[in-house]
Every structure is written in structure tokens, then in C-alpha cells.
Amino acid sequence: MSRRRVLAVTGIRSEYFHLRPVLRALVEHGGFELGVCAMGAHLAPIHDFSVRQIEADGFAVVERVVSLFADDSLLARTKGIGLQVLGLSQAVAREQSELILVLGDREEALVAALVGCYMNVPVAHLAGGDRTLGNIDDSVRHAVSKLAHLHFAFSEESAQRLLAMGEEAWRVVVSGAPALDEIAAIGPIDPAELGRRLDFPAEEPYFVLIQHGQSSEIERAESQIELTLAALAESGAPTAVIAPNTDTGSRAILAAIEAYVARYRQIRSFAMLERPLFINLLRHARALVGNSSCGLIEAPFLGLPAINLGNRQSNRLHAENVLFVPFDPDALRAALQALLHDAELRERLSACASPYGDGGACPRIVERLAAIPLDRRLLDKDFVDPPR
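Each number in the numbering used here corresponds to the 1-based position in the sequence shown with 7 added.
Take a look at the structure:
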């Protein structure tokens, strides 16, 4: 029996770490011939050329699409999408891909779905149906869902939203988030050893910061990160800052981070961390601060409180671990102090269940990918009208 030729498309480390457990499960299954198309930030120094991580994980990178320009303007990002379409379409034709696999709500997902549709290659999309507010991610995610042929929703709520968008029920699987599968398999590293490996005071109460720009507030990216860093510096607690994604505004954010790292000894920055180090950094933190989806998806699985700043993740499904705080210095200072000194609050926020699954997503995804007939029925999408 021939193996199914799958092309996985990835553009940035954060999305790749969600996708990686699925790629490993596909390889272990034995029924798939897997190749990876790496784009965008994977090929840029801003993320320490994270394509090397993909190769170190043992996956065949069959195509590299350089699509980041020298600046992070809206024009540059849009032009990069054109380069991605060119590169991915060439890869799909050359590799004779039978299935395209993609995750999330970035431009790489949109490009993969578009190329798959026009080249008659089915697209399997992970994380469709989620809902956020105030960022282009929501529009991109829903557009990908309408182009994709098979959906792996991270929650029942997201699955219902896909059905409400007219998707046929047989195309939708509630898988849960595969990132939780990997977290469940990562062993603990004690704070002393973690601190030694990161050159960071992990035995003290500390925060982790991941803050991205927001497409609806690009002009505020610099002032927002300045506000956050100032409050963290004032708290006196050590802070581990993870580099932002490559969205518009990221260069201003990086410049501010570099300035604070130079000024405050307790603030350290990391372009990229090996996944076991990153997960254990979260495990021992007082809280995750910023506006990353990590605070809503990975953090509750670890029992980690999260301070979500601004609107980037508002309206998204979340557990009770999240404190939604505006970009207001007094409100942020109060939240930081509470998580440093209020043990009862920390205990209440940590006692939560993840709404994104049980750590068993990969078997559900691989089973469906192995069994689904790759035929015209899969390619020819219908729209299910709502009941009248």
C-alpha cells in the first residue's frame, strides 16, 4: 500500500511547536510520506533561523520560501504573501502532494489553503473555528476554514462555529490542541537546573513575557510594550522575555525589549528556546504576561496564571487562569503585585481545566488523515444552510 504524500506548511516557531506533535505522529504511523515547507520567520535571524529546529527534529524540509522583507510594514507583509504563493505552488507540484497540512491563522495558513484549492489538493486545517477580536487573525482563520477540506477543531465550541459557517459535519473533527500532547510528554526540570541552563534566576518568583503587536493597533505597539516592560521592571521580579512573532510592529517591540534588557539586569530575552526548556520555564513562573495565545491554550494545561493585556485574545475561549487587563499602568502593576504576593489568588487561578483538550489530540488527527478517502467528495465542498 502506497504512503500518502503530505506536505506540512509552517511559517513561525510558535505555530510549528503546535504542529510538531502531529508531524511526529504521522511519521510514527508509517502510512505517510511527510515533507515540510518552511517559510517566513523560520528563515530569518529574528527567530534564530528556526528552520534548523525543524531539521534537528528529523523532518525533511523539501522547500524553503524566503518571504520576509527588510521591514515589517503592512506592504512588506502583503508582498511576502505573494512570494509564499509562488514558492508553495512550486513545492506542491514538484512533490506531487496529496494532502496539505496547516495550522492556525497566519498568512502561511491562508496561502496553503489558497494553493491547495487551486491545485486540487485537499487541505487539512488545525485550529479552525476559534474566535478572537481586534486582530486580522480572526478573518484569516475563518477564510482558511472556508477554503480547507478537513477541519481539526481544538474545542467543541470551535467545531460548532465551523458548522455554523456552513461546513459539512463529516469534515469536522474535535481533536483538541496537539500542543498539549507534547506538554504531557515533557518531563519536569527543577528550578535550579532550569536556571543553570538558561542563566536565569528560576528559583526566584519570576514572570514570562510574550507580547505581540496587534493589527488594529499597529501604531501603539511600541508604547504598549514600553508600558508592559516598565511595569515588570518596577515589580523587581526577574522576567524572561520571549521574542515576538513577525507581525507588523514586531521590530519596534524588539527594540524596546533590547533597551530594557540593557538597562535592567533582572530582564532577560530569548529569541527561541528548546521546547522542554520553554515549557518548564512556564511551569515554574508566577504568571505568563502579554497577549499570546499560549496564555489561553498551553498555560491552563500547566496550571499557570496568565495576564492577558489588551484585546488581542479577547472573546477567545479561555479557562479561569486568565486575568484580562487593559493596557493601563496602574491595572498592570496591581495584577503583577497580586500574583507575586497573593497566594490565594494564585491557587484559584491555577486550579483550572484546559478547554482545549486532554493531551490526546494526535491519535484522533492521524486516524482521520489515514482513513479519509482522497477523492472528489473531499474536494467538492458544499454549504450547509442553517435550519429555517
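Idealized CB from N, CA, C, for every residue including glycine.
- Message: Let me check one thing: in DSSP terms, what residues is N315 bridge-paired to?
- Response: Here residue 315 refers to the residue found at position 308 of the sequence shown. DSSP output for N315 lists G297 and F331 as bridge partner(s).
- Task: Take S104 as the anchor and find which of I88, L82, A83 and V130 has the nearest alpha-carbon.
- Result: For the purposes of this step, residue 104 is identified with residue 97 of the sequence shown, where counting begins at 1. Of the listed residues, the one whose Cα sits closest to S104 is V130.
- Query: Sorted by chain position, which residues of the same chain lie with C-beta nearer than 8 Å to D78's C-beta, five sequence neighbours on each side aside?
  - Reply: Residue 78 sits at position 71 when you count from the first residue of the sequence shown. R258, listed in sequence order.
- Query: Sorted by chain position, which residues of the same chain lie with C-beta nearer than 8 Å to R293's C-beta, five sequence neighbours on each side aside?
  - Reply: The count along the sequence shown starts at 1 and reaches residue 293 at position 286. Closer than 8 Å at Cβ, skipping near neighbours: P212, Y213, F214, A244, P312, L346, L347 and R353.
- Task: Could you name the residues of the same chain whose beta carbon sits closer than 8 Å to that of L309, not counting the 5 residues immediately before and after it, in chain order?
- Result: As a working note, residue 309 is residue 302 in the sequence shown. Hits under 8 Å: I190, I286, L289 and R290.
- Message: If you measure between the beta carbons of T235 and G173, is that distance less than 9 Å?
- Response: Counting from one through the sequence shown, the residue named residue 235 turns up at place 228. Counting from one through the sequence shown, the residue named residue 173 turns up at place 166. Inclusion of T235 and G173 in the CB contact set at 9 Å is not warranted, their separation being larger than that value.
- Item | Same chain, Cβ closer than 7 Å to F334, neighbours up to 5 away in sequence not counted | Sequence index remark: in the sequence shown, residue 334 carries index 327 (1-based). Hits under 7 Å: Q231, L234, L316 and G317.
- Would you check if the stretch 14 to 22 and the stretch 31 to 44 touch, i.e. whether three or more CB-CB distances between them fall below 8 Å? yes
- Which whole runs of the alpha helix (DSSP H) in the stretch 103 to 149 are 4 residues long or more, in chain order? 114 to 125
- Query: Does DSSP put F285 in a helix, in a strand, or in coil?
  - Reply: Counting from 1 along the sequence shown, the entry for residue 285 is found at position 278. In the structure shown, F285 sits in a helix (DSSP, three-state: H, G or I).
- P251 and L239 closer than 9 Å at C-beta: Taking the sequence shown and counting its residues from 1, one reaches residue 251 at position 244. Taking the sequence shown and counting its residues from 1, one reaches residue 239 at position 232. No; because the gap between Cβ atoms is not below 9 Å, this pair is not in contact.
- Message: By alpha-carbon positions, which one of R101, P52 and P307 ends up nearest to S74?
- Response: Within the sequence shown, numbered from 1, the residue matching residue 74 stands at position 67. Nearest of R101, P52 and P307 to S74, Cα basis: P52.
- Item | Span separating the alpha-carbon of H49 from that of Q273 | The count along the sequence shown starts at 1 and reaches residue 49 at position 42. The count along the sequence shown starts at 1 and reaches residue 273 at position 266. Going from the Cα of H49 to the Cα of Q273 covers about 29 Å.
- G42: first and last residue of the uninterrupted beta strand (DSSP E) it sits in: Reading the sequence shown from its first residue, position 35 is the one you call residue 42. From DSSP, the beta strand (DSSP E) with G42 extends over F39 to M46.
- Query: In whole angstroms, what separates the C-alpha of L376 from that of R113?
  - Reply: As a first step, residue 376 is located in the sequence shown; it is residue number 369 there, counting from the start. As a first step, residue 113 is located in the sequence shown; it is residue number 106 there, counting from the start. Those two C-alpha atoms are separated by around 22 Å.
- What are the start and end residues of the alpha helix (DSSP H) that includes V29? Translated into the one-based positions of the sequence shown, residue 29 becomes position 22. That run of the alpha helix (DSSP H) goes R20 to H36.
- Could you name the residues that DSSP lists as bridge partners for L216? Working through the sequence shown from its first residue, we reach residue 216 at position 209. Note: L216 sits in a beta bridge opposite V248 and V296.
- When DSSP builds the beta bridges, which residues end up paired with E70? What you label residue 70 is simply residue 63 of the sequence shown in a count that begins at 1. According to DSSP, E70 bridges with C44.
- Where DSSP assigns a beta bridge to L14, which residues make up the other side? The sequence position of residue 14 within the sequence shown is 7, counting from 1. G42 and I107, per the DSSP bridge assignment.
- Query: Is the beta carbon of L295 sitting closer than 9 Å to the one on L205?
  - Reply: Mapped onto the sequence shown, residue 295 falls at position 288. Mapped onto the sequence shown, residue 205 falls at position 198. For L295 and L205, no; Cβs fall outside 9 Å.
- Near N322, which residues of its chain fall below 7 Å by C-beta distance, leaving aside the five closest residues on each side in sequence? On the sequence shown, residue 322 is found 315 positions in, with the first residue counted as 1. Within the same chain, N322 has close Cβ partners R138, T139 and L140.
- Message: For I190, report the span of its alpha helix (DSSP H) as first-last.
- Response: Counting from 1 along the sequence shown, the entry for residue 190 is found at position 183. Note, I190: alpha helix (DSSP H), A186 to A192.
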